[in-house]
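A short write-up of the structure that comes next.
In the numbering used here, the protein residues as written are 67 to 676.
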């Protein structure tokens, strides 16, 4: 596994990812920071001109009519007007910051989570879901994504904190007792409007809770262990990711509309609040001209000392947060850099159709396999051939390696040693997607897709997803076509308790759906793999499924993993595994006649039905 990136490297990549996720929002924030950054400096310069001009006029003697003098002095008038206008603009633009921050947060979250989901969905082998170390990495990645979202806030707050000016209400009270009240009164409308905007945003989030839950459902399907094999074997990555992205776009679009509407109202009331804040400023200027206030009072009102202290406080306080985020985001990039052990998608890989027809079937030669992170082989020196049109049953006690061998045949893993050949071609030389399209599977831990009845069947072969007749036919073959009539929405009925009005099925019904999902792709299947296909069925229905398997297996290579040896009796050949090795193989009659391991297993199991 790839090592953790160094904190500063993770920070650099995190910042780059934030910039890739939300370039528009960052550009707007840069403009906002520019205005709020240059505003105080320009304002202080204009205030200096006001002070200088005021002192100059006072030096000429007392002024009886301050207003007429102000209007008669262009430099003083323009400096005063410019300072007021600049403060109005800065205050108004600054009010947009909340909207930009919210949009930045959602953009970063969607971008980062989308990249992680894409990586997990297209991770070709399933070690990511069966290796404790990699499962821990997934968990840490989830936490890192939350920290990466937080980084956008920290960076934005740090930049804004450098430039934002913070008027002091306590100091403003030294000008006049009513000044803080005026500032408060001028701010109340803007505060009320912003609160209403937040409440409206929250109501939208409440109404979109269903969308959020559906996003989480599909995210779990992409990243969950229960769905990992069938998502890959049926090539459902694009379907699931498109559905997740569609839900995200709907949710983001609704929230963005509310933000735009709220931003317009907040800007208007911020302008009004800015006018209220300007009244004391004009009052002080007039008071200085009349001699009731000193120039020190004016400098105090326009001072920026507190702004500088506040900016330094933000910078120092955020330094630790940035480093903390850098540490927490390392697993995100460790996952994105992780490479599967399977190699797929290279131009040199052969198409199965391009292989000259050689009916040699599947051959396993000196196959040994140990799961990633384990030094103990699960399978050792397996040599086995499955010929076209032959059904082979894999039997043995729990832990014998039967399911592991089925995973290797589906190329969910590659052998640690040895090779698997498909008509004399190494599986590792064949195009992975095309190879899996030629395999029909019913796994022991088959998926309960949170989707409609149609999708639970049609996702087995996407070209037939919209063909009602084909779906009905395989449902009938699997003995579960009655569901279409019983369910309120027929094929469009959502299955699973996760959905509103969703219907849950029994274990046997879910298993029959998994069988139907494998049946729908029979037109191009050359290898059938059934891992405990009747585990959830009662004995009454078991024989019916045996008949179905016997029928569909004709002319195809078929591998059946089963604890129920009655199913093994139907096989052309039975392979007995013990401790990861083949100890016996032959027909039912041959193995019973030998009186060894299989005979003992079958006799013991048969006695339980007496």
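Ideal Cβ positions, reconstructed from N, Cα and C, are used throughout, including at glycine.
Express the C-alpha separation of residue j and residue i in angstroms, rounding to a whole number.
i           : j           : result
residue 490 : residue 474 : 17 Å
residue 510 : residue 659 : 30 Å
residue 281 : residue 288 : 11 Å
residue 177 : residue 143 : 50 Å
residue 415 : residue 499 : With a pLDDT of only 45 at residue 415, under the threshold of 50, the placement of this residue in the model should not be trusted; the figure read from the coordinates follows. Each residue's alpha carbon lies about 11 Å from the other.
residue 84  : residue 96  : 14 Å
residue 445 : residue 652 : 20 Å
residue 650 : residue 443 : 19 Å
residue 285 : residue 534 : 28 Å
residue 121 : residue 93  : 42 Å
residue 399 : residue 183 : 13 Å
residue 452 : residue 513 : 27 Å
residue 667 : residue 673 : 10 Å
residue 77  : residue 403 : 15 Å
residue 318 : residue 304 : 21 Å
residue 449 : residue 526 : 30 Å
residue 401 : residue 210 : 11 Å
residue 434 : residue 467 : 11 Å
residue 436 : residue 481 : 8 Å
residue 623 : residue 593 : 5 Å
residue 378 : residue 133 : Here residue 378 scores only 49 on pLDDT, less than 50, and its place in the model should not be relied on; the value that follows carries that caveat. Those two C-alpha atoms are separated by around 40 Å.
residue 300 : residue 292 : 14 Å
residue 90  : residue 204 : 30 Å
residue 220 : residue 169 : 15 Å
residue 217 : residue 154 : 30 Å
residue 655 : residue 464 : 23 Å
residue 506 : residue 584 : 5 Å
residue 633 : residue 483 : 31 Å
If we call anything under 8 Å between Cβ atoms a contact, is residue i one with residue j?
i           : j           : result
residue 612 : residue 640 : no
residue 492 : residue 485 : yes
residue 455 : residue 621 : yes
residue 671 : residue 631 : yes
residue 582 : residue 614 : no
residue 174 : residue 206 : no
residue 298 : residue 172 : no
residue 277 : residue 313 : yes
residue 657 : residue 462 : no
residue 98  : residue 187 : no
Candidates the options: which alpha carbon is nearest residue i's?
i           : options            : result
residue 586 : 532, 633, 548, 569 : 532
residue 745 : 615, 146, 589, 655 : No answer is possible for residue 745: the residues shown for the chain start at 67 and end at 676.
residue 516 : 133, 91, 310       : 310
residue 536 : 551, 588, 574      : 588
residue 590 : 90, 440, 529, 546  : 529
residue 508 : 472, 479, 495      : 472
residue 151 : 408, 113, 171      : 113
residue 290 : 208, 79, 637, 636  : 208
residue 321 : 300, 165, 447, 470 : 165
residue 458 : 212, 220, 638      : 638
residue 200 : 406, 156, 348, 312 : 406
residue 479 : 295, 323, 609, 564 : 295
residue 75  : 408, 395, 662, 643 : 395
residue 283 : 569, 563, 477, 647 : 563
Under 8 Å, Cβ to Cβ, is there at least one residue of chain B near residue i?
i          : result
residue 93 : Annotation note: the requested chain B is absent from the structure, which comprises a single protein chain.
Touching by the beta-carbon criterion (3+ pairs, under 8 Å), the segment 556-564 and the segment 519-529 | The segment 556-564 makes contact with the segment 519-529; the number of CB pairs closer than 8 Å reaches 3 or more.
Between the segment 539-550 and the segment 571-578, are three or more C-beta pairs nearer than 8 Å?
-> A contact between stretches requires three or more CB pairs, one per stretch, nearer than 8 Å, and the segment 539-550 meets this requirement with the segment 571-578.
Any 3 or more C-beta pairs closer than 8 Å across the segment 587-601 and the segment 625-640 = By the C-beta criterion, the segment 587-601 is judged to be in contact with the segment 625-640, since at least 3 inter-stretch pairs fall below 8 Å.
Where in the segment 627-656 do unbroken runs of the alpha helix (DSSP H), each at least 4 residues long, occur, reported from the N-terminal end onward?
-> If we require 4 residues or more, the alpha helix (DSSP H) runs fully inside the segment 627-656 come out as 631-634.
Which ranges does the beta strand (DSSP E) cover as unbroken runs of at least 3 residues, wholly within the segment 140-194, from first to last along the chain?
-> If we require 3 residues or more, the segment 140-194 turns out to have no beta strand (DSSP E) run fully inside it.
Return the chain-ordered ranges of every beta strand (DSSP E) run that is complete within the segment 473-539 and spans a minimum of 3 residues.
-> Listed in chain order, the complete beta strand (DSSP E) runs (minimum 3 residues) inside the segment 473-539 are 483-488, 505-508.
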